[in-house]
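Each residue of the sequence shown is one higher than the one before, starting from 242 at the first, in our numbering.
Even for Gly, the Cβ is constructed at its ideal location relative to N, Cα and C.
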Amino acid sequence: MPRSVSFLAAAVLTASLFATAALAAKQKTMSDEEVAGLFASTCGFCHEQGGRVAGKGPKLAGTTRSDAFIINRINNGKEGAMPAFKGAFSSAEIRGILHYIRNLKSE
Ligand code: HEC
């Protein structure tokens, strides 16, 4: 194999390894503790006891809302009731919050 070709092959391989690593980092899932902390600091003021009881915002534990509804509410909020968080979270954080809400047990 001519040297230029093997160099190219090595460069392509290296580039694809970096791309794979970057993708893995982006798709990193958050631990339950990380999400609970994120929820407590960002949402907990209104969704009290980690979303387990009704407070300024409704109780989220046991919600019958669809994933799409929940993600839409987080992104777009509700005028006069809940702020919009669009752009505030990575997709991993959104997935983490959704998972967190789905696994909440009522108090
Ligand atoms: C300033 C108070 C406030 C904050 C902060 C807040 N919310 Fe809300 N949230 C509300 C209120 C009030 C509602 C009810 C809106 C309505 O009337 O439909 C609500 C509704 C929701 C709903 C829909 C519940 C349902 O069944 O209709 C979800 C899901 C939700 N919030 C998630 C979150 C998450 C996740 C965060 C943090 C990223 C958050 N909220 C931050 C006040 C807040």
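_Nearest-angstrom Cα separation, counted from A302 out to K319_ = If you take the alpha carbons of K319 and A302, they lie about 19 Å apart.
_G292, buried or exposed, once every other Cβ within 10 Å from all chains shown has been counted against 16_ = G292 comes out buried.
_Pick from A322, E275, S331 and S257 that is closest to H288, judged by C-alpha positions_ = Scanning A322, E275, S331 and S257 for the CA closest to the CA of H288 turns up A322.
*Express the C-alpha separation of P324 and I312 in angstroms, rounding to a whole number.*
Answer to the nearest angstrom: the Cα atoms are 13 Å apart.
*asked:* Along the chain, where does the alpha helix (DSSP H) containing R314 start, and where does it finish?
replied: D308 to N317 is the extent of the alpha helix (DSSP H) around R314.
*In angstroms, rounded to a whole number, what distance separates the CA positions of L249 and T255?*
A straight-line Cα-Cα distance of about 10 Å links L249 and T255.
*Taking the DSSP output, what are the residues bridged to M271?*
Paired residues: none, contrary to the question.
*Quick one: give me the first and last residue of the alpha helix (DSSP H) that S347 is part of.*
Here S347 belongs to no alpha helix (DSSP H), and DSSP marks it neither H nor E.
*State the Cα-Cα distance for the pair N316 and S347, rounded to the nearest angstrom.*
One C-alpha to the other measures close to 24 Å.
*Compare the C-alpha of K327 against each of A309, S282 and R314 and name the closest.*
Residue R314 is the option with its Cα nearest to K327.
*With burial defined as no fewer than 16 other Cβ atoms inside 10 Å of the residue's Cβ, what is the status of F310: buried or exposed?*
In this structure F310 is exposed. Its beta-carbon is surrounded by fewer than 16 other beta-carbon atoms within 10 angstroms.
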